[in-house]
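Enquirer: When the letters of the sequence shown are read in order and numbered with the working numbering, they come out as residues 711 to 1142.
Heads up, the beta-carbon is just placed ideally off N, CA and C, and yes, glycines get one too.
Keep in mind the model is a prediction, meaning the values are calculated, not measured.
Just dropping this structure here.
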Amino acid sequence: MERFIITGGHPLLGEAEVSGAKNAILPILAASLLCEEECFFEKIPLLEDVFVMCDVLRHYGVKIRWQGSSLHIDPRQLENKDAPEFLMKKLRASNLILGPLLSRFSSACLPYPGGCAIGSRPMNYHMSALTQLGAEICDFGSCIRAKASCLHGTEICLDFPSVGATENIMTASVKACGDTVIRNAAREPEVVDLADFLNKMGARVTGAGSDTIRVQGVNRLKGAEHKVIPDRIEAGTLMIAAAITGGDVLLKGLDPQSSSAVIAKLRSSGVIVKEDSAGVRVIAKKRPRATDIRTMPYPGFPTDMQPQFMAYAVTACGTSVIAENIFENRFKHADEMRRMGADIKIIGEAAVVRGKENITGAQVEATDLRAGAALVLMGLYARGETTVDNVFYIDRGYQRLENSLAALGADIVRRSYDASGWPRQAAQSPCS
Ligand code: EPZ
């Protein structure tokens, strides 16, 4: 078991390079199952979720070779099997193999995926859409069995712009007979990156980034090379790290447009945000003003930044109202924040946060990926020492977060501890 130990009060200063986007590379890796030639990917974030997705691909026979942060994928010799439950349970994005398996093998059998416990996260939109494409799907409650002798293009209107459902429809339809139209499609930049990769393989996907995506079925997909887009959620987390500590940080390689909602809210809280070709620079000179947010599908304020923004609001001058409109159970971090002195009241889908200056370090634990990152942000601000347990959650979505923060001047270290919570001493040599 590992934890972060943080001593707060150090303004973050300097530059940080934004990693490749977790939520772009995961659907792209799943989509590589469609391909009948080798693929090469650059700027891959070295994250637990990426390693698990690679293990899922290996289960089907994909050969994978790492070269630093580049990845060589050989999906030519594949064999369809029931998906490996112990791997599928580790991440929600494992459900993104459903579309590619149906397209390549005409059948798939996979357990319900795992992932952050932030809501029920059903797959009804996925299954309804794939059924409209011609698949027969049996939902056994714990697993899904699907088969499709022929996937045929059709017009699908999603009840909600689900990111994963949009991505599964795209991968299931790229080699379907005829054309598919996805209405009320997710517009996230990660959906656009998936479409770019599919088109490099020879697919014909247009409209990605809008609410209507069109896919013309093709017969064959060839190998491709692809560099993953920057991670706008990692970048947003580092922006708030700079803002909450009164720092000055340049995030290099970030497309400001992909973070426009977060940047707008930081500016309304009183932070200076400069955008130029080098990236986005965040300069915080004074205590933030309270700011309300409502999480919405892209281009609205991203739900994956809600916990981090709550950490920021805890320290603000005034009262902020945070409405979570995407997931029904994404306020678990509030309990841990209260242990540090935060004043947060949950009323239905909203959190009312009364800002305070007097936030003190405490022992807290991550309950999911973004909640863990939010607690780290509070530790950077808090007076005294904060320990954040269950760092494995944070490692799912951030590549050595402690190194990125320490390079900007934060006092944060990673330490091991045993199940009883005691620090694990370095193993004593039998000779000592
Ligand atoms: C993706 O999850 C992201 N994960 C999530 O990021 C992100 O929070 C989410 O999109 C929303 O932006 C990846 O891309 C790997 P959805 P996804 O389908 O696709 C409900 C992170 O921290 N829904 O857009 O699973 C669902 O329960 C993670 O990096 C159904 O009801 O999200 C949720 O309330 C967390 N039925 C809402 O829609 C369905 O069939 C949005 O879900 C599908 C979804």
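Could you check what DSSP says for residue 1140 in three-state terms: helix, strand or coil?
Expert: With a pLDDT of 42 at residue 1140, under the threshold of 50, the predicted position of this residue should be treated as unreliable, and no value is reported.
Enquirer: Name, in chain order, the residues that DSSP records as bridge partners for residue 857.
Expert: DSSP, once it has assigned bridges, lists 817 and 846 as partnering residue 857.
Enquirer: Quick check: residue 721 and residue 1119, are their CB atoms within less than 9 Å of each other?
Expert: Closer than 9 Å, so yes.
Enquirer: Any idea if residue 745 is buried or exposed, counting beta-carbon neighbours within 10 angstroms, 16 or more meaning buried?
Expert: Residue 745 comes out buried.
Enquirer: Does the Cβ of residue 1040 have 16 or more other Cβ atoms within 10 Å, making it buried, or fewer, making it exposed?
Expert: It counts as buried.
Enquirer: Would you report the Cα separation of residue 872 and residue 1079, rounded to the nearest angstrom?
Expert: Rounded to whole angstroms, residue 872 to residue 1079 spans 20 Å at the Cα level.
Enquirer: Excluding the 5 residues preceding and the 5 following residue 996 in the sequence, name in chain order all residues of the same chain whose CB lies nearer than 7 Å to its CB.
Expert: Counting only Cβ-Cβ distances below 7 Å, and skipping sequence neighbours, we find 980.
Enquirer: How many angstroms separate the CA atom of residue 783 from the CA atom of residue 772?
Expert: Their Cα atoms are separated by approximately 7 Å.
Enquirer: Just to confirm, does residue 732 get its C-beta within under 8 Å of one of the non-hydrogen atoms of the ligand EPZ?
Expert: Flag set: Cβ of residue 732 near the ligand EPZ.
Enquirer: I want to know whether the region 1055 to 1067 touches the region 1028 to 1036 - three or more CB-CB distances under 8 Å.
Expert: Yes, the region 1055 to 1067 is in contact with the region 1028 to 1036.
Enquirer: Taking the alpha carbon of residue 1089 as the point to measure from, which residue in 1122, 927 and 1103 has its own alpha carbon closest?
Expert: Selected option, being the one with the closest Cα: 1122.
Enquirer: Would residue 816 and residue 884 qualify as a contact pair, given that the criterion is a beta-carbon distance under 9 Å?
Expert: Contact flag unset, no.
Enquirer: Per DSSP, what kind of secondary structure is residue 887 in: helix, strand or coil?
Expert: Residue state, collapsed to three classes: strand.
Enquirer: Which ranges would you report for the alpha helix (DSSP H) in the region 717 to 744 if only whole runs of at least 4 residues count?
Expert: Within the region 717 to 744, the complete alpha helix (DSSP H) runs of at least 4 residues are 732 to 741.
Enquirer: Tell me whether residue 773 sits in a helix, a strand or coil according to DSSP, three-state version.
Expert: If DSSP states are grouped into helix, strand and coil, residue 773 belongs with the strands.
Enquirer: Considering only the beta carbon of each residue, do residue 959 and residue 999 sit closer than 9 Å?
Expert: No. Outside cutoff.
Enquirer: Is residue 837 close to the ligand EPZ? I mean its beta-carbon at under 8 Å from any heavy atom of the ligand.
Expert: Within the cutoff, so yes.
Enquirer: For residue 875, which three-state DSSP category applies?
Expert: In the structure shown, residue 875 sits in a helix (DSSP, three-state: H, G or I).
Enquirer: Check whether the Cβ of residue 1038 sits closer than 8 Å to any heavy atom of the ligand EPZ, and report yes or no.
Expert: Yes, the beta carbon of residue 1038 sits closer than 8 Å to at least one heavy atom of the ligand EPZ.
Enquirer: Classify residue 730 as buried or exposed, calling it buried when 16 or more other Cβ atoms lie within 10 Å of its own Cβ.
Expert: The residue is buried, with at least 16 neighbouring Cβ atoms inside 10 Å.
Enquirer: Counting only the same chain and skipping the five closest in sequence on each side, list residues whose C-beta sits under 7 Å from that of residue 1084.
Expert: Counting only Cβ-Cβ distances below 7 Å, and skipping sequence neighbours, we find 1017, 1018, 1020, 1021 and 1043.
Enquirer: State whether the region 1101 to 1118 contacts the region 749 to 767, with contact taken as three or more CB pairs (one from each stretch) at a distance under 8 Å.
Expert: A contact exists between the region 1101 to 1118 and the region 749 to 767.
Enquirer: Output needed for residue 780: all residues of its chain with C-beta closer than 6 Å, excluding positions within five of it in sequence on either side, in chain order.
Expert: So the list reads 752, once near-sequence residues are dropped.
Enquirer: Compare the C-alpha of residue 701 against each of 951, 892 and 827 and name the closest.
Expert: Limits of the chain in this structure are 711 at one end and 1142 at the other, which puts residue 701 out of reach.
Enquirer: Could you name the residues of the same chain whose beta carbon sits closer than 6 Å to that of residue 712, not counting the 5 residues immediately before and after it, in chain order?
Expert: Same-chain partners within the cutoff: 1101, 1124 and 1126.
Enquirer: Mark residue 903 as exposed unless 16 or more other C-beta atoms lie within 10 angstroms of its C-beta, in which case mark it buried.
Expert: Buried: at least 16 other Cβ atoms inside 10 Å.
Enquirer: Roughly how many whole angstroms lie between the Cα atoms of residue 1087 and residue 954?
Expert: So the two alpha carbons sit approximately 7 Å from each other.
Enquirer: Between the C-alpha atoms of residue 1133 and residue 1075, what's the straight-line distance to the nearest angstrom?
Expert: Their Cα atoms are separated by approximately 15 Å.
Enquirer: For a test of the three-state rule: what should DSSP assign to residue 1046, helix, strand or coil?
Expert: Helix.
Enquirer: Looking only at C-alpha atoms, which of 740, 865 and 749 sits nearest to residue 937?
Expert: Selected option, being the one with the closest Cα: 749.
Enquirer: Tell me the DSSP bridge mates of residue 989?
Expert: The partner list for residue 989 (beta bridge, DSSP) reads 962 and 986.
Enquirer: Identify every run of the beta strand (DSSP E) within the region 900 to 944, keeping only runs that are complete inside it and at least 3 residues long; order them along the chain.
Expert: Whole beta strand (DSSP E) segments, 3+ residues: 914 to 916, 922 to 926 and 935 to 937.
Enquirer: Relative to the alpha-carbon of residue 944, which residue among 739, 968 and 933 has its alpha-carbon at the smallest distance?
Expert: That would be 968, whose Cα lies nearest to the Cα of residue 944.
Enquirer: Output the distance between the C-alpha atoms of residue 922 and residue 794, rounded to the nearest integer angstrom.
Expert: Each residue's alpha carbon lies about 34 Å from the other.
Enquirer: What is the DSSP secondary structure of residue 1092, counted as helix, strand or coil?
Expert: Three-state result, residue 1092: coil.
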